[in-house]
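Residue numbers (my numbering): 174 to 321.
Shown next, in structure tokens, is the structure this report addresses.
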Ligand SMILES: CC(C)(COP(=O)(O)OP(=O)(O)OC[C@H]1O[C@@H](n2cnc3c(N)ncnc32)[C@H](O)[C@@H]1OP(=O)(O)O)[C@@H](O)C(=O)NCCC(=O)NCCS
């Protein structure tokens, strides 16, 4: 059974394991702690039969919110868990008053771009050479107020 819940600092060690597994350039624990203490922080995680298999974090400040990270363990990708996590994060941002959510994604990250598009995120611009390795980022935005 999949459960989506808020993440807390008590989950940090499990989130760091996932972070290192899912990203070539993982955040350090200090970066992760910094995000948890940020004003407007939102974090959710997915548990599959009690085991943490995915998470997302971002922040929501007044009308704007941003998705900073989303990741799902490789073995359980493609089963809709990323979508459930993203839905959990957007629900929390909306509850805090956000009217829209922004994100940046590597131009080559097809799975993530398809997932975002399935949740009404639209491409807004390209940020040339946004990443340290020179890859472009796509900026995407979802307007919540257009959906109600
Ligand atoms: C991006 C990521 C989180 C997606 O997790 P996931 O659990 O596989 O996501 P889902 O199963 O919900 O969606 C996966 C696929 O179903 C598609 N999908 C999901 N819901 C959909 C819907 N309602 N309609 C159409 N397509 C849908 C997605 O577009 C995606 O397409 P793909 O099979 O071609 O990859 C995962 O691939 C991952 O952890 N990647 C590594 C980390 C990363 O790159 N994160 C993003 C940048 S921070």
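Beta carbons are placed, not taken as given, at the ideal position from N, Cα and C, and that holds for glycine.
Starting from residue i, trace the alpha helix (DSSP H) both ways and give me its first and last residue.
{"i": "residue 263", "result": "254 to 268"}
{"i": "residue 190", "result": "185 to 195"}
For residue i, tell me which candidate among the options has the shortest Cα-Cα distance.
{"i": "residue 306", "options": "275, 260, 197, 214", "result": "197"}
{"i": "residue 258", "options": "273, 241, 269", "result": "241"}
{"i": "residue 266", "options": "174, 280, 315", "result": "315"}
{"i": "residue 200", "options": "248, 229, 268", "result": "229"}
{"i": "residue 219", "options": "295, 277, 262", "result": "262"}
{"i": "residue 264", "options": "202, 215, 211", "result": "215"}
{"i": "residue 237", "options": "183, 288, 274", "result": "274"}
{"i": "residue 217", "options": "210, 176, 204", "result": "176"}
{"i": "residue 295", "options": "304, 284, 276, 182", "result": "276"}
{"i": "residue 282", "options": "270, 226, 311", "result": "311"}
{"i": "residue 224", "options": "289, 174, 210", "result": "174"}
{"i": "residue 194", "options": "178, 221, 246", "result": "246"}
{"i": "residue 291", "options": "309, 301, 280, 260", "result": "260"}
{"i": "residue 272", "options": "320, 202, 203", "result": "320"}
{"i": "residue 206", "options": "226, 227, 183, 178", "result": "183"}
{"i": "residue 226", "options": "297, 249, 298", "result": "249"}
Give the DSSP bridge partners of residue i, in chain order.
{"i": "residue 230", "result": "216, 242"}
{"i": "residue 311", "result": "278, 299"}
{"i": "residue 225", "result": "220"}
{"i": "residue 146", "result": "Residue 146 falls outside the range modelled here, since the chain spans only 174 to 321, and no answer is possible."}
{"i": "residue 247", "result": "Residue 247 is not bridged to any residue."}
{"i": "residue 237", "result": "234, 273"}
Rounded C-beta distance between residue i and residue j? I'm assuming under 8 Å.
{"i": "residue 180", "j": "residue 188", "result": "7 Å"}
{"i": "residue 243", "j": "residue 253", "result": "13 Å between Cβ atoms; not a contact."}
{"i": "residue 234", "j": "residue 213", "result": "4 Å"}
{"i": "residue 239", "j": "residue 231", "result": "5 Å"}
{"i": "residue 287", "j": "residue 304", "result": "Contact doesn't hold; Cβ gap of about 20 Å is too wide."}
Name the two residues that bound the continuous beta strand (DSSP E) containing residue i.
{"i": "residue 211", "result": "Segment: none, residue 211 is in no beta strand (DSSP E) and carries neither H nor E."}
{"i": "residue 178", "result": "175 to 179"}
_Quick check on the DSSP output: what are the complete alpha helix (DSSP H) runs of length 4 or more inside the region 273 to 302, in order along the chain?_
283 to 291
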